[in-house]
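Accompanying notes for the structure given below.
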Amino acid sequence: MEVVERWFEKQHNQIQNWEKNHVRKYQKDIVSRITHVMDCEAYTLGKNQVYLREVSVYRIRDKKTFSFQIYMPDIYINPKVVHYQIHHVHGLPVVREKNNEDFLQYRDVYKVLCEEFMTSADLVGYKGGTIERDLLKKLGTKGINIELLGCEKYANLITKYGITPERCPYHLYGDYHCSRHEVQVFAHFLNELAQTCRTTSRT
3 MEVVERWFEK QHNQIQNWEK NHVRKYQKDI VSRITHVMDC EAYTLGKNQV
53 YLREVSVYRI RDKKTFSFQI YMPDIYINPK VVHYQIHHVH GLPVVREKNN
103 EDFLQYRDVY KVLCEEFMTS ADLVGYKGGT IERDLLKKLG TKGINIELLG
153 CEKYANLITK YGITPERCPY HLYGDYHCSR HEVQVFAHFL NELAQTCRTT
203 SRT
């Protein structure tokens, strides 16, 4: 199992088919350890310049979703630089002020996540992203790229499960993915996988 854990943070283009096949031996144990699912949207200005804009966490135990919008009063981000990301990736404009209770500054979101993961997290699932991986490392929390467990893209999953896409009101109008709904759909995948593991173990 220790060897398998070394693969938990690999990106999709680093995961080999033989590794996926090997992970299947431990699939039931791995899935049972996943306590949360996390997804983030951010402005990426360079390898070491990532500014979180939206963070969502799904707690599997009680099926509760936490979603945070992040406003940045003191950080200058040139709108021209992030124009493509805003209009073609996540549809989340830069926000400078606390518009309502859904908005927090990064330090406050970090504090909430620390408290949540320190008290109730074992393994946090995320799909593919280095942003989520790096945030979990800062939080001192173990994470796993659930692509290692066979998780497909959000668009494929909602088609597969017949789920209508949803997005919060903070995205611009358009076909943008919302992290709040993504964590719920990824949790649905994990629940289906857990049920399959239980059924298989009984046969």
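In the working numbering, the protein residues as written are 3 to 205. Cβ coordinates follow ideal geometry from the N, Cα and C atoms, glycine included. Because the structure is a prediction, the values reported are computed rather than measured.
- In this structure, H38 places its C-beta atom within 8 Å of the C-beta atom of Y60.
- A Cβ-Cβ distance of about 15 Å is found for the pair I148 and K162, leaving them out of contact under the 8 Å criterion.
- As for any alpha helix (DSSP H) of minimum length 4 sitting wholly inside the region 61-129, the runs are 81-87 and 108-122, ordered along the chain.
- Nearest in C-alpha terms to R8, of all of S58, L150 and D76, is L150.
- Listed in chain order, the alpha helix (DSSP H) runs fully inside the region 121-175 are 132-141 and 156-163, counting runs of at least 4 residues.
- Ranked by how close their Cα comes to the Cα of V96, the residues N193, Q197 and H173 have H173 in first place.
- Taking R98 as the centre and dropping the five residues before and after it, the same chain places the C-beta of Y73, M74 and P75 closer than 7 Å to its C-beta, in chain order.
- Residue environment analysis places G164 among the exposed positions, since fewer than 16 neighbouring C-beta atoms fall within 10 angstroms of its C-beta.
- Per DSSP, reduced to three states, the secondary structure at E7 is helical.
- Between the beta-carbon of E56 and that of L94 there is about 6 Å, and that keeps the pair under the 8 Å contact cut.
- Rounded to whole angstroms, the gap between the alpha carbons of Y78 and F191 is 38 Å.
- Look at I32 here: in three-state DSSP terms it is helix.
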